[in-house]
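As structure tokens, the structure follows; a few thoughts come after it.
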Amino acid sequence: TEISPESLKQLEEIGRGAYGAVHRSIYEPTKTIIAVKYIPMDITEESKKLQLIRELNVLRTATDDTEPCPYIVKYYGAYFREGDICICMEFMDGGCFDVIYKKTGPIPEKILGKISVAVVHGLHYLKSRLQIIHRDVKPSNILVDSSGKIKLCDFGISGRLENSVAKTYVGTNHYMSPERIALAGQYDIRSDVWSLGIALVELATAKYPYPPDASIFGILRHIVDGPAPSVPEGQFSPEFVAFLSKCLQKDHEKRANYVELLQTDFIKKYEQEEVDVAGWVQDVQSKIAVIRAAERVEHSHFPSRR
Ligand code: ADP
Ligand code: MG
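In UniProt numbering, each residue carries its 1-based index in the sequence shown increased by 157.
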């Protein structure tokens, strides 16, 4: 499934990150709804553009795999348009967990269980089968759809953009592991495990665990010098707490790898247990719809108050 850009029709914007916007789009020949991410890039040399597209299209092997992983958003390819690099991927109609928790509060543990199963299997698959390190694990890169599927997106992109356009693109700092900060340059794949731990604490408590008002320097200092974050006592199962502590070891040598994480009671439990993720998605989506409608009313009655 190669996407030809001329046959893509852009629909509404569905989100915006630090580097650009994501639009819902329709691929006319097959009437497929996809998501397209636009990142402005000041590359003018054709050879550099081609090289970046070639590197990004390596990610397509994840989608073309004969046994594709169910926890990875499908990647359809990338192309240049005007000054933007456009990355085409599967559209997930439930959106990301970052928006969900910010609008509706802490994510229940049973959903965190299903998120953990998806992310650990997804990261393990990327690494063991495709030698891809994610490098940008965070709540906004974990997506859900209305059938209840949970998938990782944006894998391998930050590394590839960093390589080809040097310092104009750097991934999010807030989820970086202590060793990634302290040993700049060296990069262990267990950094993604740390980021998963931070993301889970954030989703479980509806709060980013380091002082969010600190400068980026202050946050990085806390990550390197402060204790590893955890969740408040008494509100979560011992299996979840144990799983988090395996992810959030500041010393990466002591941090669990994917094989170890897959053997934890928490992962085993949620591989077995049936959870009605689809029903939960429907619930949160209707709450979010009400909140958005209220925001629109509020805004139209008090247009000066923003
Ligand atoms: P970030 O991940 O840093 O928030 P992005 O540019 O990657 O920034 O994404 C912006 C927003 O677009 C995300 O927060 C998410 O809500 C939405 N989004 C991204 N990719 C998809 C997708 N494939 N399907 C549905 N929504 C998406
Ligand atoms: Mg993203």
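Yeah, the Cβ is synthetic: ideal placement off N, Cα and C, and Gly gets one too.
- In this model, E266 and T362 are separated by some 10 Å (Cα to Cα).
- Residue pairing by DSSP places S182 opposite Q167 and I191 in a beta bridge.
- K166 sits close to I183, with the two beta carbons spaced by under 8 Å.
- Residue state for G234 is assigned as strand, using DSSP reduced to three classes.
- Rounded to whole angstroms, P369 and D422 show a C-alpha spacing of 32 Å.
- In the three-state reduction of the DSSP assignment, P395 falls in the helix class.
- Contact annotation, G234 with N214: C-beta distance approximately 6 Å; criterion of less than 8 Å satisfied.
- With 16 or more other Cβ atoms from the protein chains shown falling within 10 Å of its own Cβ, E359 counts as buried.
- Here the distance from the Cβ of Y365 to the nearest heavy atom of ligand 1 is not below 7 Å.
- In the DSSP assignment, V358 falls within the unbroken alpha helix (DSSP H) covering S348 to T362.
- Closer than 7 Å to some heavy atom of ligand 1: that does not describe the Cβ of V215.
- By alpha-carbon distance to A175, the top candidate from D293, R412, P395 and E417 is D293.
- Considered as a whole, the region 274 to 319 harbours 299 to 301 and 307 to 309 as its complete beta strand (DSSP E) runs of no fewer than 3 residues, in chain order.
- Residue side-chain check: C310 places its Cβ nearer than 7 Å to a non-hydrogen atom of ligand 2.
- The beta carbons of G177 and P197 sit closer together than 8 Å.
- Per DSSP, E336 is one residue of the alpha helix (DSSP H) stretching across P335 to A339.
- Judged by DSSP secondary structure, D382 falls within the alpha helix (DSSP H) whose first and last residues are I373 to D382.
- DSSP places I242 inside the beta strand (DSSP E), whose first and last residues are D241 to E247.
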